[in-house]
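Participant:
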Amino acid sequence: MASLVGSRVERKEDKRFLTGKGRYTADINLANQTYAIFVRSPHARASIKKINIDKALKSSGVVSILTGKEIADDKIGGLIAGWAIRSEDGTEMKCPGNPPLAKDNVNFVGDPVAVVIAESLAEAKEAAEKVEVDYKVLKAVTSTADAMNGDTIHEGIDKNLCFDWLLGDRQKVKEAFDKADKVISIDIINNRLIPNAMEPRACVADYNAASEEITLYTTSQNPHLSRLIMSAFGNVAPEHKLRVVAPDVGGGFGSKINVYNEDIVCSWAAKKINRAIKWVAERSESFLTDIHGRDHVTHAELAVTKDGKFLGFKNETIANLGAYARVFGTVTPTYLFGPCATGVYEIPAAYTNVKAVYTNTAPVDAYRGAGRPEATYTIERLVEKASMELGIDKTELRIKNFPTAFPFKQTLVHTVDSGDYVAGMEKAKQMADYKGFEARRKESEAKGKLRGIGVTSYFEACGIAPSAAVMSLGCGVGLWESAEVRFNPTGQVTVYTGSHSHGQSHQTTFAQIAADELGVPIENIDIVHGDTDKGTFGMGTYGSRSLAVGGIAIVNACKKIVEKGKRVTAKMLEANPEDVEFKDGEFIVSKSNKKKTIGEVAFACYLPGVRDEMKSPLPEGDEPGLKETSFYDPSNFSFPAGTHIAEVEIDPETGHVKLEKYTACDDFGRIINPMVVEGQVHGGLAQGIGQALYENAEYDETGQLMTGSYMDYTMPRADNFPEFNIGYTCTHATTNPLGVKGCGEAGAIAAPPTVMNAVIDALGGQEVTMPATAEKVWKACKNLKKSNAKAA
Amino acid sequence: MIKSSWVKILIKGEIMGKISLEVNGRKVEKEASDNTLLSTFLREHLQLTGTHIGCDTSQCGACVVHVDGNSLKSCTALAADVNGSKITTIEGLETNGKMHPMQEAFKKLHGLQCGFCTPGMVMSAVDLLQKNKKPSDTEIRDWLEGNICRCTGYQNIVAAVKEAATKM
Chain A
0 MASLVGSRVE
10 RKEDKRFLTG
20 KGRYTADINL
30 ANQTYAIFVR
40 SPHARASIKK
50 INIDKALKSS
60 GVVSILTGKE
70 IADDKIGGLI
80 AGWAIRSEDG
90 TEMKCPGNPP
100 LAKDNVNFVG
110 DPVAVVIAES
120 LAEAKEAAEK
130 VEVDYKVLKA
140 VTSTADAMNG
150 DTIHEGIDKN
160 LCFDWLLGDR
170 QKVKEAFDKA
180 DKVISIDIIN
190 NRLIPNAMEP
200 RACVADYNAA
210 SEEITLYTTS
220 QNPHLSRLIM
230 SAFGNVAPEH
240 KLRVVAPDVG
250 GGFGSKINVY
260 NEDIVCSWAA
270 KKINRAIKWV
280 AERSESFLTD
290 IHGRDHVTHA
300 ELAVTKDGKF
310 LGFKNETIAN
320 LGAYARVFGT
330 VTPTYLFGPC
340 ATGVYEIPAA
350 YTNVKAVYTN
360 TAPVDAYRGA
370 GRPEATYTIE
380 RLVEKASMEL
390 GIDKTELRIK
400 NFPTAFPFKQ
410 TLVHTVDSGD
420 YVAGMEKAKQ
430 MADYKGFEAR
440 RKESEAKGKL
450 RGIGVTSYFE
460 ACGIAPSAAV
470 MSLGCGVGLW
480 ESAEVRFNPT
490 GQVTVYTGSH
500 SHGQSHQTTF
510 AQIAADELGV
520 PIENIDIVHG
530 DTDKGTFGMG
540 TYGSRSLAVG
550 GIAIVNACKK
560 IVEKGKRVTA
570 KMLEANPEDV
580 EFKDGEFIVS
590 KSNKKKTIGE
600 VAFACYLPGV
610 RDEMKSPLPE
620 GDEPGLKETS
630 FYDPSNFSFP
640 AGTHIAEVEI
650 DPETGHVKLE
660 KYTACDDFGR
670 IINPMVVEGQ
680 VHGGLAQGIG
690 QALYENAEYD
700 ETGQLMTGSY
710 MDYTMPRADN
720 FPEFNIGYTC
730 THATTNPLGV
740 KGCGEAGAIA
750 APPTVMNAVI
760 DALGGQEVTM
770 PATAEKVWKA
780 CKNLKKSNAK
790 AA
Chain B
0 MIKSSWVKIL
10 IKGEIMGKIS
20 LEVNGRKVEK
30 EASDNTLLST
40 FLREHLQLTG
50 THIGCDTSQC
60 GACVVHVDGN
70 SLKSCTALAA
80 DVNGSKITTI
90 EGLETNGKMH
100 PMQEAFKKLH
110 GLQCGFCTPG
120 MVMSAVDLLQ
130 KNKKPSDTEI
140 RDWLEGNICR
150 CTGYQNIVAA
160 VKEAATKM
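Protein chains in written order, with numbering that gives the first Met the number 0: chain A, 0 to 791; chain B, 0 to 167.
1) Please find out if some non-hydrogen atom of the ligand SAM comes closer than 7 Å to the beta-carbon of Thr-734 (chain A).
2) So with CB distances below 8 Å, who are the chain B contacts of Ala-196 (chain A)?
3) Residues in the segment 116–149 of chain B with C-beta within 9 Å of chain A's C-beta atoms, listed in sequence order?
4) So, does the CB of Ala-164 (chain B) fall closer than 8 Å to a CB anywhere in chain A?
5) Three or more beta-carbon pairs under 8 Å between the segment 683–691 of chain A and the segment 122–142 of chain B, yes or no?
6) Identify the continuous alpha helix (DSSP H) that holds Ser-266 (chain A) and give its terminal residues.
7) Leaving out the 5 sequence neighbours to the left and right, which residues in its chain are closer than 8 Å to Met-0 (chain B) when beta-carbon positions are compared?
8) Please list the residues of the segment 356–379 of chain A that have a C-beta atom closer than 8 Å to any C-beta atom in chain B, keeping them in chain order.
9) How would you call Leu-241 (chain A), buried or exposed, if buried means at least 16 neighbouring beta carbons within 10 angstroms?
10) By DSSP's criteria, Pro-111 (chain A) is part of a beta bridge. Which residues make up the other side?
11) Name the chain B residues that come within less than 7 Å of Arg-716 (chain A), Cβ to Cβ?
12) Applying a beta-carbon distance threshold of less than 8 Å, which residues of chain B neighbour His-528 (chain A)?
13) Measure the alpha-carbon distance for Thr-358 (chain A) versus Gly-321 (chain A) and round it to whole angstroms.
14) If we cut at 8 Å on Cβ distances, does Met-167 (chain B) have a partner in chain A?
15) Excluding five sequence neighbours on each side, which residues of the same chain lie with their C-beta closer than 7 Å to the C-beta of Glu-774 (chain A)?
16) Pair every Cβ in the segment 693–713 of chain A with every Cβ in the segment 40–55 of chain A, then say whether three or more of these pairs are closer than 8 Å.
17) List, from N- to C-terminal side, the alpha helix (DSSP H) runs of 4 residues or more that fit wholly inside the segment 57–118 of chain B.
18) Given a threshold of 16 other Cβ atoms within 10 Å of its Cβ, counted over all protein chains shown, does Ile-183 (chain A) qualify as buried or as exposed?
19) Check each candidate in A:Tyr-605, A:Tyr-693 and A:Lys-781 and name the one with the smallest Cα separation from Thr-489 (chain A).
20) Can you give me the start and stop residues for the beta strand (DSSP E) that Phe-602 (chain A) sits inside?
21) In whole angstroms, what is the alpha-carbon distance linking Ala-146 (chain A) and Lys-158 (chain A)?
22) Just verifying my parser: in three-state terms, what is the DSSP assignment at Arg-140 (chain B)?
23) Output yes if chain A places a C-beta closer than 8 Å to the C-beta of Met-0 (chain B); else output no.
24) Using DSSP bridges, identify the partner residues of Thr-642 (chain A).
25) Would you give the residue range spanned by the alpha helix (DSSP H) that Lys-400 (chain A) belongs to?
26) By Cβ distance below 6 Å, which residues in the same chain neighbour Lys-408 (chain A) in space, the five residues on each side in sequence not counted?
27) Figure out for me which residue from A:Pro-623, A:Ile-398, A:Glu-315 and A:Glu-652 has the closest Cα to the Cα of Ala-427 (chain A).
28) Between A:Thr-628, A:Gly-328, A:Ala-791 and A:Glu-128, which has its C-alpha nearest Ala-55 (chain A)'s C-alpha?
29) Got a sec? Which residues, its chain only, sit under 8 Å from Ala-179 (chain A) by beta carbon, not counting five neighbours each side?
30) Using 8 Å for Cβ pairs, my map puts Glu-144 (chain B) next to Ala-717 (chain A). What's the rounded Cβ distance?
31) Smallest Cα separation from His-298 (chain A): which of A:Val-140, A:Ile-228 and A:Ile-188?
32) I believe Thr-56 (chain B) touches Arg-282 (chain A) by the beta-carbon criterion, under 8 Å. Please report the beta-carbon distance rounded to the nearest angstrom.
33) Buried or exposed: where does Ser-504 (chain A) fall if 16 or more other Cβ atoms within 10 Å of its Cβ makes it buried?
34) Who are the near neighbours of Ser-545 (chain A) in its chain, counting only those whose CB is closer than 7 Å to its CB and skipping five residues on each side?
35) Kindly list, in the order they appear in chain A, the residues whose Cβ is closer than 9 Å to that of Met-98 (chain B).
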């Protein structure tokens with residue numbers, strides 16, 4: 000039987016999506032449902048003096064109006080930070096309360112203060128406009144760089160500082176810098192982004208008074224984790240009385256990891272009114288209240304020798320958490336960021352210091368890449384600058400500082416098990432025709448255009464993550480994953496996974512893995528996810544963990560099935576279990592022609608009868624049935640890596656940047672489905688290029704979001720991209736049985752510095768902040784003209 | 000210019016009217032308030048939830064359907080505006096249970112991931128090929144500029160449209 004792993008298998012999920020039969024949360028309508036509209040703060044920072052709902056209650060169709068008072072009275076808990084981070088001085092981080100409905104204070108535009116529940120959506124909207132909230136407006140803090148100097152937003156949190164964290168050794172770094180021939184320094188703004196999954200968040204909550212169960216359909220990347228948080232911290236219902244279903248989910252990119260205010264409020268309120276409640280975000284609500292990403296202000300320095308050896312690195316960053324610390328809010332700028340800050344280089348001494356600050360803006364949390372794009376942007380901009388200042392070719396300088404052997408003990412935390420960074424670089428150069436660039440630059444010049452080339456070599460720590468490691472770093476849960484493999488008596492297989500697919504193609508790729516492990520045709524395998532009533536538990540999908548953690552759980556459960564199958568076959572064929580081999584769906588007694596198919600074995604496991612001549616196929620000690628479970632806890636992170644090269648052409652008359660060529664050469668370890676991986680790379684690149692050239696979330700000084708719709712926030716569109724040229728090198732991960740590393744975030748991590756290095760190269764080294772809009776680039780072109788004129 | 004009667008209709012939505020359409024080859028007649036958007040009418044009144052709502056500014060294109068053969072963002076029209084029209088939604092693109100060549104091409108070339116933008120993207124692309132049988136890459140990208148996809152980076156969508164062009 001041909002192996003499916005490694006093949007371009009078309010997706011099992013596609014037909015329903017292509018024929019309009021997907022079932023997203025907003026498509027769900029329950030009998031007798033009501034509709035919720037949230038009354039949200041129009042102010043970035045205010046105290047709530049009074050809420051008057053009298054007029055609204057009289058509005059037609061209103062079923063109930065609930066505020067922060069009722070939610071506090073019912074002791075419903077707030078939203079939480081999932082990771083506890085300690086400051087350099089050993090003190091615990093400082094987190095404000097974050098009630099699902101604000102009671103006393105609002106802290107960003109969009110912070111919900113009340114929910115209006117009515118018979119129809121129109122009636123809910125009309126009534127919501129009649130809710131009168133009397134605010135005392137306070138001065139907002141919105142700037143990342145100045146947050147520590149602003150008014151104190153949350154009582155008791157001085158300087159709006161959540162923590163002041165350090166990773167690394169300041170003294171060693173000082174010594175390294177003292178020895179340096181040259182210090183390259185850079186100031187960076189990593190711009191705030193809005194994830195913008197195309198499906199707006201939504202939830203439908205239902206209460207069954209007979210079973211006292213709440214069912215919440217919601218747009219989540221991790222329904223089990225959501226249930227745990229809503230139960231343990233939200234006090235919504237005990238876990239066994241709370242079912243969370245994340246059906247088809249239209250993209251996440253990190254924005255649907257969090258439990259949100261609306262999930263808790265609708266679940267709680269559905270029980271209160273004993274009716275189903277539906278809420279669907281309008282896009283403007285998504286802009287305001289989905290978690291945002293990035294938003295760092297960084298100063299970094301690299302100490303080098305004159306021949307280009309890196310000696311030391313320091314990174315001082317202020318990270319904006321927004322108004323509250325959410326699930327991955329505090330780990331994103333620390334353990335997902337700091338350990339990757341030194342990139343793919345051997346740097347003997349390094350530290351990263353992060354001050355995480357609160358501001359009156361939407362909470363900032365994990366967005367595709369989470370911390371690793373910020374880390375990679377800093378080091379790769381710095382290395383590119385070093386190459387310019389030292390006059391060493393940008394690829395040579397990188398190669399000079401790559402590790403020469405694996406495992407590679409990276410400066411700060413990680414031990415990278417496998418990789419070949421030089422091979423990746425060489426292949427990328429070849430794919431991009433790096434040698435031919437100068438000729439292309441001249442061609443552009445002849446047309447009056449400026450051409451630049453940019454390079455990035457990255458690695459990332461994903462496959463998140465070994466429980467022992469993450470819990471020691473402050474994570475509130477272990478980050479294993481579970482899988483359950485169930486054989487039906489008639490031979491089809493259902494695999495339950497705790498991972499969640501919202502575009503990642505698990506229904507196909509996980510089925511490929513199970514098909515190979517079990518020798519069962521892929522058509523006979525179903526992957527089930529997204530429902531806490533199905534499957535034991537799961538940590539969900541983020542941090543490129545689904546395959547490297549969830550996929551391995553499936554492999555391990557399948558291996559247990561095969562082990563039992565060997566014992567059963569041995570009993571059925573009167574052989575020793577040690578003599579039974581399993582291959583392509585058949586259990587074969589070695590050195591004989593005796594065999595059983597896995598289907599026959601499954602059937603026998605369910606029909607262990609004894610009658611006349613028929614003996615039980617079950618060995619002593621084995622129970623009937625064929626179902627196995629695995630909870631897989633990885634032994635290490637996984638470490639995809641690669642080199643990307645971009646070329647841009649700038650029209651100095653308009654400042655327009657045209658991305659001419661984009662080459663990505665990645666090492667994701669073993670590839671399960673090349674078609675799916677290609678799609679993940681393309682998508683990540685589009686988001687990364689979006690950050691570099693188009694996207695930016697901007698608040699004004701009063702805390703109003705200036706980019707709150709697709710009219711203002713520049714979403715990348717089809718005509719913004721060239722055809723990407725992608726390729727791979729492949730070193731198998733040594734820390735998991737599939738040899739896989741993960742591929743979902745690489746594009747978003749590598750593309751911003753790659754594109755910006757090209758833009759800045761074209762601009763003769765002038766710094767431009769992301770996004771490199773025509774206005775900024777045009778100004779830089781003018782400066783370039785002036786300085787060229789002076790030089791002449 | 001907005002007709003003065005529209006203000007009353009759009010803001011108040013109090014006037015109920017009968018909407019008669021032919022949707023995916025089937026005649027439908029439903030009472031709906033006159034401010035009902037076509038997208039809402041399809042989703043809420045006809046339960047055709049394949050047409051998606053991804054924004055509130057007519058930018059994303061997830062709701063594209065065909066009205067009398069031409070693609071239209073169904074959030075930009077009132078159901079009453081298109082009264083009497085023939086509508087095709089993503090649910091109506093198959094013939095006798097066989098997917099349209101555009102749907103086949105999207106599947107073959109991985110032109111979709113989460114599937115949310117897909118119905119609008121496919122309906123839009125089908126209309127492109129009605130109007131331009133052999134579009135270039137640039138023409139495809141320009142045409143699809145009104146359909147936002149956050150997952151695919153568009154490359155495989157462009158490839159799928161080219162593939163479909165060879166099959167239609």
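Each residue gets a CB set at the ideal place from its N, CA and C atoms; glycine is no exception.
Facilitator: According to the structure shown:
1) Looking at this structure, you won't find the ligand SAM or any other ligand, since it has none at all.
2) Those are Cys-113, Phe-115 and Arg-149, listed as they occur along chain B.
3) Along the segment 116–149 of chain B, the positions whose C-beta sits under 9 Å from a C-beta of chain A are Cys-116, Thr-117, Pro-118, Val-121, Asp-136, Thr-137, Ile-139, Arg-140, Asp-141, Trp-142, Leu-143, Glu-144, Gly-145, Asn-146, Ile-147, Cys-148 and Arg-149, read in chain order.
4) Contacts with chain A at 8 Å (Cβ-Cβ) do not include Ala-164 (chain B).
5) Using a C-beta cut-off of 8 Å, the segment 683–691 of chain A makes no contact with the segment 122–142 of chain B, since fewer than three inter-stretch Cβ pairs fall below that distance.
6) Per DSSP, Ser-266 (chain A) belongs to the alpha helix (DSSP H) from 260–272.
7) Because Met-0 (chain B) carries a pLDDT of 46, less than 50, the predicted location of this residue cannot be relied on, and the following value inherits that uncertainty. Contacts found: none.
8) Within the segment 356–379 of chain A, no residue qualifies.
9) Looking at its Cβ environment, which holds 16 or more other Cβ atoms inside 10 Å, Leu-241 (chain A) is buried.
10) Per DSSP, the beta bridge partners of Pro-111 (chain A) are A:Arg-39.
11) Per Cβ cutoff of 7 Å: Glu-144 and Ile-147.
12) The premise fails here: His-528 (chain A) is roughly 14 Å from chain B at the closest Cβ pair, so nothing lies under 8 Å.
13) Straight-line Cα distance between these residues: approximately 5 Å.
14) No, its Cβ sits nowhere closer than 8 Å to a Cβ of chain A.
15) Taking Glu-774 (chain A) as the centre and dropping the five residues before and after it, the same chain places the C-beta of Gly-654 closer than 7 Å to its C-beta, in chain order.
16) Yes, the segment 693–713 of chain A touches the segment 40–55 of chain A.
17) Runs found: 100–107.
18) Burial is judged here by how many other beta carbons sit within 10 angstroms of a residue's own beta carbon; Ile-183 (chain A) has at least 16 and is buried.
19) For Thr-489 (chain A), the closest of A:Tyr-605, A:Tyr-693 and A:Lys-781 by C-alpha to C-alpha distance is A:Tyr-605.
20) Where Phe-602 (chain A) is concerned, there is no enclosing beta strand (DSSP E), although the alpha helix (DSSP H) it sits in stretches over 597–605.
21) Rounded to whole angstroms, Ala-146 (chain A) to Lys-158 (chain A) spans 7 Å at the Cα level.
22) Looking at Arg-140 (chain B) - three-state DSSP - the assignment turns out to be helix.
23) For Met-0 (chain B), the predicted model reports a pLDDT of 46, less than 50, meaning its position is unreliable; a value from the coordinates is still stated below. Taking Cβ atoms only, chain A never reaches closer than 8 Å to Met-0 (chain B), which makes this a no.
24) BP columns for Thr-642 (chain A) point to A:Ser-456 and A:Cys-664.
25) Before going on, a small fix: residue 400 (chain A) reads as Asn here, not Lys. It spans 393–400 - the alpha helix (DSSP H) in which Asn-400 (chain A) sits, taken as one unbroken run.
26) So the list reads Thr-414, once near-sequence residues are dropped.
27) Measuring C-alpha to C-alpha distances from Ala-427 (chain A) to each of A:Pro-623, A:Ile-398, A:Glu-315 and A:Glu-652 identifies A:Ile-398 as the nearest.
28) Ranking the options by Cα distance to Ala-55 (chain A), first place goes to A:Glu-128.
29) Hits under 8 Å: Ala-302, Val-303, Thr-304, Leu-310 and Gly-311.
30) Confirmed, about 6 Å.
31) Nearest neighbour of His-298 (chain A) by Cα position, chosen from A:Val-140, A:Ile-228 and A:Ile-188, turns out to be A:Ile-188.
32) Yes, Thr-56 (chain B) and Arg-282 (chain A) are in contact; Cβ-Cβ is about 7 Å, under 8 Å.
33) With 16 or more neighbouring CB atoms inside 10 Å of its own CB, Ser-504 (chain A) falls in the buried class.
34) Answer for Ser-545 (chain A): Ser-498, Gln-503 and His-505, listed in chain order.
35) Within 9 Å Cβ-Cβ: Lys-14, Leu-17 and Thr-18.
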